[in-house]
Each structure stands twice: as structure tokens, then as C-alpha cells.
Amino acid sequence: MTLPEAIFGDQPAYQGVAPDPEPREVLLDLRGVRKTYQSGSLQVDAVRGIDLQVLAGDYVAIMGPSGSGKSTLMHIIGCLDVPTAGSYRLAGVDVAGMGEQELAHVRNQRIGFVFQSFNLLPGLTAQRNVELPLVYAGVSGPERRARARAALDRVGLADRVDHRPNELSGGQQQRVSVARALVTEPDLILADEPTGNLDSASTAEVLALFGDLHDQGRTIVIITHEHDVADQARRVVVMRDGAISEVRV
Amino acid sequence: MSWLETVRTAYGALRTRRMRSLLTVLGILIGIAAVMLTVGLGQGAQSKVTDQINKLGSNLLIVTPGSATSSAGVRGGRGTATTLTMDDAAVLADPVAAPDIARVAPTSQSSLSVLAGTANWTTTAVGTTPEWVQVRARSVSEGRFFTAAEVAAESPVVVLGQTTATQLFGVSSGGGLGGRSPVGQLVTLGGQNLTVIGLLTAEGSTAGGDQDDLAVLPQSTYASRLSTTANPRAVSTIYIEGRDQASLSAAYQQTTKILLAAHGVTAATMDFSVSSQQAIVESATTITRVLTVLLAGIAAISLLVGGIGVMNIMLVSVTERVREIGLRKALGATPSVILRQFLVEASMLGLVGGVAGLALGLLGAAVLPGWIGQPVTISPLAAGAALGVSLAIGIGAGVYPASRAARLAPIEALRSE
Ligand SMILES: Nc1ncnc2c1ncn2[C@@H]1O[C@H](COP(=O)(O)OP(=O)(O)O)[C@@H](O)[C@H]1O
Ligand SMILES: [Mg+2]
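Chains as they are written, first to last, in the working numbering: chain F, 3 to 251; chain H, 713 to 1129.
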């Protein structure tokens, strides 16, 4: 079995479950994606030729040693960065043709990010932090507040809405950022080592949230070092030196 | 993102860095207040000077001896020559030859000592005709002014200014208040005994000195008893009141023409000069305007420094908040939204500084005149301009930092740790 076949091989038959009644859309479609950084006179190939397709509703874990290009790949998938070569289509649309404005719009509408270091704004309450994506989506005040409250409720932090990040534990902060990622109801949730800074109890809580989101039909791509995290995923992509070395289903 | 949200976000960001924002605002505040006060002082001084010169009388022409433009290149000091006489005044007063001249007041003056009982004082003795009161736009507060008959008769009468009266009699107008009224009293002016027949209404100081320190007497009396000049008909100045503002230049031409003919000179050998009140106002205001511009220029530099302060703090802010900017972009903020947010932050700094500076400026305008004795004029236009300028400075100073923030790649921003 060649490598591309393995990647395309996300077929129900391999997982031993019944085929979907309707064929699912290909949400992420990366072909020959490269990313080369120029640092000084040195060229760093962070990602070198990645082919990857992810169907809507999939749960993919990306593993691999530090420096193997996982974050770079995730930034490209998240439209935070554009590939140096190759093509990336998100829900059928080529990202290369989009301007800054459109990319911002895509990030806002289709993607929810969860970062290892939470990236909550320290000056804002949990509620205001969760409202942020809705602010940029132009959702009006009352609706925005209601939706942010509902999202916080969903991650079990209904009683912490007025707390600022420094008044919350690491696990709680990460749950706030999960709430922020899901408040716009995006197709895709991208998480870069979301449990890297958490203790095991918090890790379990956050992973349970991702499990729930997946059950509700969201597509999840999660970068992780931990095998328990990977075990929850439907597909594990292992990276080495900027390329995919192994795909486990 | 709505404007309300943008302003709210900007306010939140500024409040988080409260001390720094306050100090930045202080820079603008000082600049705006300094500009407002210097311009206000300049305008105050200007209107004061204009006011004082206008007090000399309306539609006024002033004829002085001495050549303003000598073809020989020799210029005597103004008034050093004694080329003007009562006869000049008489021809100028002729309504046929000079239809646009309403009144003529030939005047001679010198500084003399004046005594009343044991009190003594030095004042300006003015010898003139009854027209002087109207021409110089003065009035009599008590008693009366002298008449043409008294001029003809060389009567020993005098009308005193308020300052002179106060110095000599310890009271000014309304002598009934305990003291003796100066009217009817005898004074000795330059050794001559004169009866006080009236007091002039107080006028205040002008560019030409205290207008209330003077003793006005008939020209004939002055010439025969006090004057040191050989020619008793010589006068030092002829004040002319034009018929109205519109015909003042006609009056000016008639004056020049009549005097040239009377003196038998040409424009090149002119032995007198005519200046209008307007010209005096203009030359005086030019001086204050130059000073105002200079001072306001210095104040504007402090405002500029305040603007640089805003730019500096905004640049620091953008650098410090690279992560925040990256995150906001990751969450869907477009470059223009980020640009707008930082522009609003900078303009808030500018505008708050402007409002506070305006308040300080108005406070200064209310308090300063009491301390320094100079009027400070702050017009609504200046106040509006102060706000506009502070807002413009905020926006101007914010453009560069904001566009830097807007251009940051979200990924670079998120990476920096
Ligand atoms: N902005 C950059 N400039 C230069 N090199 C970079 C940049 N970002 C990442 N790299 C390099 O690309 C490689 C992949 O990095 P990254 O995607 O962060 O790896 P991972 O997330 O798997 O640890 C590393 O060698 C890293 O040093
Ligand atoms: Mg990484």
C-alpha cells in the first residue's frame, strides 16, 4: 500500500462501521503542500510535500517529534499561513486565491482554534473572551452575549463567566478557549497540543469536550504528543521531518 | 465590528495601561493648553491695543509736523519741527475746501507741574479748542468743557483728567463723597493760576499712556501763558475727525492737499505727516501678531512633542500586543478592523488630551488675567480648533503604528512568545 492510498483510505470499510448513508464532503484537501521559511541565509523546509484529505466529521490526530512541522501544517490548515507550494482547498475552495480579508472571514466562520497556551486576552472576562469571534462576525450585543453564555455553559463554566483568565485554573482556561472555538459553530476545530499544559484530570475534561464535539459532527484536527489523546481519534497522522511518515486508522 | 465595539475595545486597552495613557494624554493636554493660552494672550493683547487706539477717537486723522518722506534724506523726529499752526487748523475746518472733515482740534502739549494747595503733581498740559472733546471721543463727567468764547478770551480755565484730579484733590469725580469737588478750585499749572471748570470721564490707559492724566485748557491760554515756542500760533498736533468711516480716505486726501497748498510745498518736500487711526492700529497689531505667532509657534512645538508621544506609545503598544493582534486576527479580525482599533485608540488619547487641554486653557483664560493683568481671549473657534487639532494629532500619530499592527501576519504574531 502506497502512502497516498493510505491517506485516501479513510473508508468506512477500514473502520469496520457501516457506510454513511450519504457520502461525506471532503473538508480539507492538501496536495503537495510545502512551506519553506527563510531565516537569514538559511532555508528551512518546515513542511515538505504533504498530501492529506480530511472528510467532514472526521477526527484526526497529528503526532510526531518536536520540530517535525506539525504546527506549521496546522497553521496552513487554519488559514493563518499560506503554503509556499502545493494547493490547499478548504471545503472545495482554493485558499491560495483568497486575500487577507477573505482569509480572516474564513477563519472567523469556519474554524475554531485551541492553542497550547490558551491565548485568552488577560484583560477580558471569560464571557468577553468567548464573545470575541462573534464580535468580528458582526453579531449584535444581546445575541452575542447569549451565545457566549451558552458556549461557556457547554464547557461547564456557566458559573465562571465574569472571571478573568488569571482567576481560572489552566484546565478552566482551556475550557474557555474551547468555548471560544465552538461559539461560532465552525465546521473545523483545530487544536495545537491543547492538553500540553494541563494536568491529567484537566486533560480528561478537555478531551471529553473534543469527543462531544466530534459526536456532534464537527471535524477535529488535534496535534498531540499523548497516546491517550491519539487513541480517541479516528485517524492518526504521524509526521517526521516535515512529511507524513505513517497513517494509523 | 461595530464602532461601538471598536471604541469599547480601545477604551479597555487604554484603561489596562492606565498610567501610561494618562502620561500620554498629559503631553497633548499641555500642548493644547499652551497653544490656546498663547494665542489667547496674543488675541487679548491685540484687542486691547486696538481698543486703546480706537479710544483715541473714531474716524481720526492725526497731523504731525516733520517730514515723513524727505527728499533731502534728512528726517527730523516727528513733531520736532513747528510747522503746524492754528491757521492750518482754520483752513482744514473750512467745509467748502474740506467737505469730508467734520471737526478739527489743533493741540499743543507739554509736561508741566501742577499745584493745588500743598498737593503737587506733574501732568500733561494740553492746549486745544472745544472740538477736542468730540474729536478725541471724550466726555465731561462733572462741570463743563471750555467754550470757543473762552478760547478767544484766553480765559484762565482748565479741565482735569481723573488721575490728575485725584492726585491734586484726593478725590475724583463726585467730590460730594466727603472731599471737596475739584470743580471751582484753583490750580497752579506751570506757574499760572487756572480755575478748574470740569473733569473728564475716565478713559483708562492707551498705547499713548494714561489718558486720564492731563489738564486741558484753551489753546490761546496755553500759547500765551505756558508755551515755550516763539510762535504763539504754532501747535504740535492737529486732530481731525472725518465725516464717517467711508469718507475717511477722502478726508485724508483733502487734508494733505490743503496743507500742501497752505505750506507751499510739494509731496516731495512735505513738512508734515498725516496718519490715520487705522494705520496706527495696523502697525500696532502687526507687532502683537508677530509676537503671538512666535509664542504660539513655540507652544505648537510642545503640541508636536505631545503628538510624538502618542505615536511612541502606540508603537510600544503594538509591539507589546503582537500576540493579542495575532489572536484577534486568528479569530477573524480583518486588517482594516485592526487598523481601525489602533487608530481609535490613538485618537482617543488625542481627543481626551484635547478636551482636558481645552478645560485647562479655559481655566487659565479665567484665572490668568487676574494674575498678570493681561486679557486672554479664547474664541469658540479657537476652542473648536483645539479639539479638531488634538483629534487630528491622535489620528496622525496613530496611522503608522496602526498600519504596522494591521500588516502583522497572524502567524508571526501568534508565534512570538
Ligand atoms: N517562522 C519561522 N522561521 C523559520 N523557521 C521556522 C519558522 N517556523 C517554524 N520554523 C521551523 O520549521 C520547523 C517546524 O516547526 P513547527 O511546525 O513549529 O514544528 P512542531 O510544531 O512539529 O514542533 C522547525 O524546524 C522550526 O524551527
Ligand atoms: Mg508545535
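Cβ coordinates follow ideal geometry from the N, Cα and C atoms, glycine included.
Predicted model only: the values in this text are computed from it and were never measured.
Simplified DSSP state of L824 of chain H, which is helix, strand or coil: strand
Cβ-based burial, H229 of chain F [other Cβ within 10 Å; buried from 16]: exposed
Contacting residues, own chain, Cβ-Cβ under 7 Å from R50 of chain F (five flanking each side not counted): R36, G244 and A245
Cβ neighbour criterion (16 or more within 10 Å) applied to Q965 of chain H: exposed
Residues of its chain near G934 of chain H, where Cβ-Cβ distance is below 7 Å and the 5 sequence neighbours each way are ignored: What sits at residue 934 of chain H in the sequence shown is Tyr, not Gly. Once the five neighbours on either side are set aside, the close Cβ partners of Y934 of chain H are S820, A837 and G839.
One or two residues paired with K37 of chain F in a DSSP bridge: F:V49
Closer than 8 Å at the beta carbon, the chain H residues around P144 of chain F: The contacting residues do not exist; P144 of chain F stays about 13 Å from chain H at best.
Where the beta strand (DSSP E) through V223 of chain F begins and ends: T221 to I225
Whole-angstrom distance between D812 of chain H and A958 of chain H, CA atom to CA atom: 10 Å
Integer-rounded CB distance, given that I740 of chain H should sit under 8 Å from S1102 of chain H: 6 Å
Residue list, Cβ distance to ligand 1 heavy atoms smaller than 5 Å: F:Y39, F:S41, F:V46, F:A48, F:S68, F:G69, F:S70, F:G71, F:K72, F:S73 and F:T74
Cutoff 8 Å: M731 of chain H Cβ touching any chain F Cβ: no
Range covered by the alpha helix (DSSP H) that runs through S258 of chain F: Outside the displayed range of chain F (3 to 251) lies residue 258 of chain F, so it cannot be described from this structure.
Three CB pairs or more closer than 8 Å across the region 725 to 744 of chain H and the region 1014 to 1034 of chain H: yes
Chain H residues whose Cβ lies nearer than 8 Å to that of H107 of chain F: G1044 and T1046
Sequence-distant residues of the same chain with beta carbon closer than 7 Å to R732 of chain H, five excluded per side: I1025
Rounded C-alpha distance that separates G890 of chain H from I952 of chain H: Bear in mind that a pLDDT of 47 at G890 of chain H, under 50, signals an unreliable position, so the number given afterwards is only what the model happens to contain. Roughly 40 Å separates the two Cα atoms.
For M100 of chain F, three-class secondary structure by DSSP: coil
Check: D161 of chain F C-beta below 7 Å from any heavy atom of ligand 2: no
Own chain, CB closer than 7 Å to A58 of chain F, minus 5 neighbours either side, in chain order: R26, E27, L29, D189 and T221
Contact check, T38 of chain F vs T86 of chain F, beta carbons under 8 Å: yes
Identified DSSP bridge partners for P930 of chain H: H:T840
Heavy atom of ligand 2 within 7 Å of D243 of chain F beta-carbon: no
Distance cut-off 7 Å: D194 of chain F Cβ against heavy atoms of ligand 2: yes
Residue range of the beta strand (DSSP E) that includes V986 of chain H: F984 to S988
Contact residues within the region 1080 to 1109 of chain H, judged by C-beta distance below 8 Å to chain F: none
Of the residues H:I774, H:L716 and H:G1106, the one placed nearest V137 of chain F, counting alpha carbons only: H:L716
Alpha helix (DSSP H) runs contained entirely in the region 63 to 148 of chain F, provided each spans 4 or more residues: 72 to 79, 102 to 112 and 128 to 139
Simplified DSSP state of Q846 of chain H, which is helix, strand or coil: helix
Selected residue, minimal CA-CA separation from G173 of chain F, among F:D164, F:G158, F:E187 and F:R130: F:G158
Min CB distance M1060 of chain H to chain F below 8 Å: no
Beta-bridge partners of W1141 of chain H, as assigned by DSSP: Shown here, chain H extends from 713 to 1129; a query on residue 1141 of chain H therefore has no answer.
Three-way DSSP call (helix, strand, coil) for I774 of chain H in this model: strand
Among F:A183, F:I64, F:Q118 and F:A93, nearest to G198 of chain F - alpha-carbon criterion: F:Q118
Cut-off 8 Å between Cβ atoms - residues of its own chain near S70 of chain F, not counting five sequence neighbours on either side: M241, R242, D243 and G244
C-alpha distance - M76 of chain F paired with E1057 of chain H, whole-angstrom precision: 33 Å
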